[in-house]
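In order, the protein sequence lines correspond to chains D and U.
Numbering that gives the first Met the number 0 puts the first residue of the first sequence at 0, with every later residue one more than the last.
Numbering that gives the first Met the number 0 puts the first residue of the second sequence at 0, with every later residue one more than the last.
Cβ coordinates follow ideal geometry from the N, Cα and C atoms, glycine included.
Keep in mind it's a predicted model, so treat the numbers as computed, not measured.
First up is the structure itself, then whatever we jot down about it.
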Amino acid sequence: MTTPLDVGEIMAEIQRLAAARRQASAAGGTAGVAPQSPLPIDRCTLHADLAAPVAIPYGGMRRWALHWLDRLRARALEAILRRQTFVNRATIASLEKLAAQIAALESRLAALEAARAAGRPIPERRSEDG
Amino acid sequence: MGRVCLLLPSVSEGDALGHDVAGMFETFRAHGIETHVHAHRSPGRTRLPVDSMRRYARCARQPDTVSIYHLTTTWRAGCDHFLSSVGPKVLRYHNVTPPRFFAPYSETLARACALGFSETARIVKSGRVDLYLAASAYNRDELVQLGAPAERCGSLPPFNAIPKLDETPAAIPVLERYLDGSSNILFVGRVVPNKGHRHLLGVLAALRRTVVRPLRLILVGDLQPTCAAYYQELVALARRLAVDDAVVWTGKVASDELKAYWLLAHAFLVMSEHEGFCVPIVEAMAFGVPVIAHRAAAVAETAGDAGIVLDGLDPILYAAAVETILTRPEVHDALAARGRARVRQAFDPPRLAERLVEQVVPLLAQPARTQHTG
């Protein structure tokens with residue numbers, strides 16, 4: 000819900016602020032005001048969360064997963080930046096699910112690599128692996 | 000039923016003219032009207048089927064061909080073909096940039112604009128145009144001043160690519176690069192002299208004297224080789240103002256990158272000195288980015304009551320407006336909501352399509368104006 004905007008009031012406020020800034024500038028100083036966060040979302044934090052790299056050492060599967068991860072990250076970021084919180088949650092849920100699947104795949108690949116390196120027989124694929 | 004031929008010098012996807020022609024093409028086709036696009040050249044990749052002007056010459060001999068000529072600059076051959084066509088004629092007037100902006104930087108461009116003006120006057124004076132379709136009321140007034148009869152002058156905002164941009168996933172590398180806590184002030188437009196880039200640099204300098212938070216000015220737009228001197232002048236100015244570290248020149252961008260820049264923007268600042276419409280204002284409003292604009296040419300009517308429109312070019316005044324948006328979330332949100340509402344009400348493509356059909360389809364059933372009637 001947004002508050003109604005009184006354009007006249009905002010314009011008057013801008014003119015007052017400009018006058019103050021001109022005065023400060025003429026006096027040779029600067030006001031040095033640190034504004035509040037412009038948007039209620041901390042974009043940096045979200046950026047750090049969503050940009051976490053996912054390493055999957057597996058050719059085609061890796062490319063496929065990264066492609067979808069990129070699309071989901073794009074959607075998630077977009078939803079956040081546009082403050083569509085409902086869409087955002089759904090998109091992030093998909094993102095988390097995909098990340099979990101990638102992590103499981105990565106762990107299984109690591110186990111296979113370890114088995115091969117140790118000369119152990121490679122375990123058979125179980126039906127629930129999908 | 001006859002056919003519609005859309006004429007333009009050059010088809011390029013991704014610019015305002017290209018989106019307008021594509022919107023018209025799709026609208027007429029959706030109404031079952033045979034439609035062709037004819038251009039002198041098609042330099043970029045385009046999804047529109049572009050026919051030659053030779054083929055247009057054949058269509059132009061048919062009395063049931065409605066020709067719509069998109070005028071932005073000089074195109075002598077196109078102008079001749081259009082005026083000699085037999086069927087009804089529509090002049091789609093996007094405006095011509097006054098040559099004085101280009102004169103200090105490019106004689107060629109200044110001359111092209113001057114010729115564009117004289118061709119517009121020639122078309123108007125021929126008295127053979129059945130309908131003038133101006134992209135804004137500002138453009139319509141210009142046509143009337145040239146002598147076009149007011150009763151034949153309609154206006155229709157250009158079609159936009161917002162629905163497609165909405166569906167395009169944003170470019171992740173751009174988001175990652177600029178989501179760093181800085182406030183991003185955005186301008187979108189070709190790097191040409193009428194766009195007022197030097198004023199934008201002045202505002203950034205004024206803002207940096209008062210706002211502690213990191214700021215960035217992102218200038219999205221094609222760097223025109225013909226205006227290289229203008230760009231060099233801007234780069235030198237940015238250095239002189241000590242803001243060059245906070246200015247990003249993107250050059251021409253792909254649609255996923257453009258989407259990312261809209262998502263990153265905290266404010267859209269436009270200080271152009273001449274615009275026949277200004278499509279980026281509509282895009283900014285659609286993406287909920289507050290608009291701060293200089294009242295020049297058609298800018299104020301495009302922004303309507305959804306933007307902060309200021310008189311004069313005092314950088315401190317514009318800096319105060321940007322600062323207000325950055326520091327007052329309720330002002331940011333209210334302007335964003337107003338912008339979205341304005342786009343729905345005035346620039347929604349289905350509504351533009353209805354208005355286009357209302358004005359042009361009746362011409363398919365009527366004989367062309369052939370005499371000089373002013």
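Nearest candidate by alpha-carbon position, reference residue i, set the options
{"i": "Arg-2/U", "options": "Val-123/U, Val-242/U and Ser-66/U", "result": "Ser-66/U"}
{"i": "Leu-132/U", "options": "Gln-365/U, Leu-363/U and Val-359/U", "result": "Val-359/U"}
{"i": "Leu-214/U", "options": "Gln-223/U, Gly-180/U, Thr-96/U and Ala-149/U", "result": "Gly-180/U"}
{"i": "Pro-162/U", "options": "Val-342/U, Gln-365/U, Leu-16/U and Val-173/U", "result": "Val-342/U"}
{"i": "Arg-388/U", "options": "Leu-142/U, Asn-159/U and Pro-157/U", "result": "Since the first and last residues shown for chain U are 0 and 373, residue 388/U lies out of range."}
{"i": "Leu-164/U", "options": "Arg-339/U, Gly-13/U and Arg-337/U", "result": "Gly-13/U"}
{"i": "Val-219/U", "options": "Val-49/U, Arg-207/U and Leu-199/U", "result": "Leu-199/U"}
{"i": "Pro-289/U", "options": "Leu-351/U, Asp-310/U and Val-330/U", "result": "Val-330/U"}
{"i": "Glu-118/U", "options": "Thr-96/U, Ala-204/U, Glu-282/U and Trp-74/U", "result": "Trp-74/U"}
{"i": "Trp-261/U", "options": "Asp-244/U, Pro-279/U, Val-247/U and Trp-248/U", "result": "Pro-279/U"}
{"i": "Ala-237/U", "options": "Leu-114/U, Val-210/U and Ile-217/U", "result": "Ile-217/U"}
{"i": "Arg-40/U", "options": "Gln-231/U, Ala-340/U, Gly-77/U and Asp-332/U", "result": "Gly-77/U"}
{"i": "Val-281/U", "options": "Gln-365/U, Val-252/U and Phe-186/U", "result": "Phe-186/U"}
{"i": "Lys-124/U", "options": "Gly-303/U, Arg-99/U, Leu-82/U and Gly-86/U", "result": "Leu-82/U"}
{"i": "Ala-345/U", "options": "Thr-301/U, Met-23/U, Ala-253/U and Arg-91/U", "result": "Thr-301/U"}
{"i": "Thr-72/U", "options": "Leu-325/U, Thr-64/U, Asp-63/U and Phe-116/U", "result": "Phe-116/U"}
Supposed contact pair residue j and residue i - C-beta distance, whole angstroms, cut 8 Å
{"i": "Val-298/U", "j": "Glu-274/U", "result": "5 Å"}
{"i": "Ala-147/U", "j": "Ala-259/U", "result": "Wrong, their Cβ atoms sit about 41 Å apart, outside the cutoff."}
{"i": "Val-89/U", "j": "Leu-47/U", "result": "Incorrect: roughly 18 Å between the Cβ atoms, too far for contact."}
{"i": "Leu-155/U", "j": "Leu-363/U", "result": "17 Å between Cβ atoms; not a contact."}
{"i": "Glu-322/U", "j": "Leu-4/D", "result": "Between Leu-4/D and Glu-322/U the Cβ distance is about 17 Å, and since that is not below 8 Å, they are no contact."}
{"i": "Ala-305/U", "j": "Arg-337/U", "result": "4 Å"}
{"i": "Ile-32/U", "j": "Met-52/U", "result": "Contact flag wrong, Cβ pair sits at about 21 Å."}
{"i": "Tyr-229/U", "j": "Val-191/U", "result": "7 Å"}
{"i": "Ala-111/U", "j": "Ala-102/U", "result": "Between Ala-102/U and Ala-111/U the Cβ distance is about 12 Å, and since that is not below 8 Å, they are no contact."}
C-beta atoms of residue i and residue j nearer than 8 Å
{"i": "His-69/U", "j": "Leu-145/U", "result": "no"}
{"i": "Leu-178/U", "j": "Leu-316/U", "result": "no"}
{"i": "Ala-15/U", "j": "Pro-157/U", "result": "yes"}
{"i": "Leu-355/U", "j": "Thr-107/U", "result": "no"}
{"i": "Val-242/U", "j": "Ala-266/U", "result": "no"}
{"i": "Ala-222/U", "j": "Gly-250/U", "result": "Per the sequence shown, residue 222/U should be read as Leu rather than Ala. Yes, Cβ-Cβ distance for Leu-222/U and Gly-250/U is below 8 Å."}
{"i": "Leu-130/U", "j": "Ile-184/U", "result": "no"}
{"i": "Ala-38/U", "j": "Val-10/U", "result": "yes"}
{"i": "Ala-113/U", "j": "Val-85/U", "result": "no"}
{"i": "Asn-193/U", "j": "Ser-271/U", "result": "yes"}
{"i": "Phe-24/U", "j": "Ser-135/U", "result": "no"}
{"i": "Val-202/U", "j": "Ala-318/U", "result": "yes"}
Start and end residues, alpha helix (DSSP H) containing residue i
{"i": "Ile-315/U", "result": "314-326"}
{"i": "Leu-351/U", "result": "348-359"}
{"i": "Val-281/U", "result": "278-285"}
{"i": "Leu-90/U", "result": "It is not in any alpha helix (DSSP H) - Leu-90/U instead sits in the beta strand (DSSP E) that spans 88-92."}
{"i": "Arg-295/U", "result": "Looking at the sequence provided, one finds Ala at residue 295/U rather than Arg. First-last for Ala-295/U: undefined, no H or E at that position."}
{"i": "Leu-174/U", "result": "171-177"}
{"i": "Ser-24/D", "result": "6-25"}
Terminal residues of the beta strand (DSSP E) in which residue i lies
{"i": "Asn-183/U", "result": "182-187"}
{"i": "Gly-250/U", "result": "246-250"}
{"i": "Glu-12/U", "result": "From DSSP, Glu-12/U is part of no beta strand (DSSP E); its letter is neither H nor E."}
{"i": "Leu-309/U", "result": "307-309"}
**Report entry** Minimum length 4: unbroken alpha helix (DSSP H) runs contained in the region 200-274 of chain U
**Finding:** 227-239 and 254-263
Query raised in the report: Residue ranges of each beta strand (DSSP E) run of no fewer than 3 residues wholly in the region 111-166 of chain U, ordered along the chain?
Result: If we require 3 residues or more, the beta strand (DSSP E) runs fully inside the region 111-166 of chain U come out as 130-133 and 152-154.
Query raised in the report: Whole alpha helix (DSSP H) runs in the region 32-84 of chain U with 4 or more residues, listed along the chain?
Result: 52-58 and 75-83
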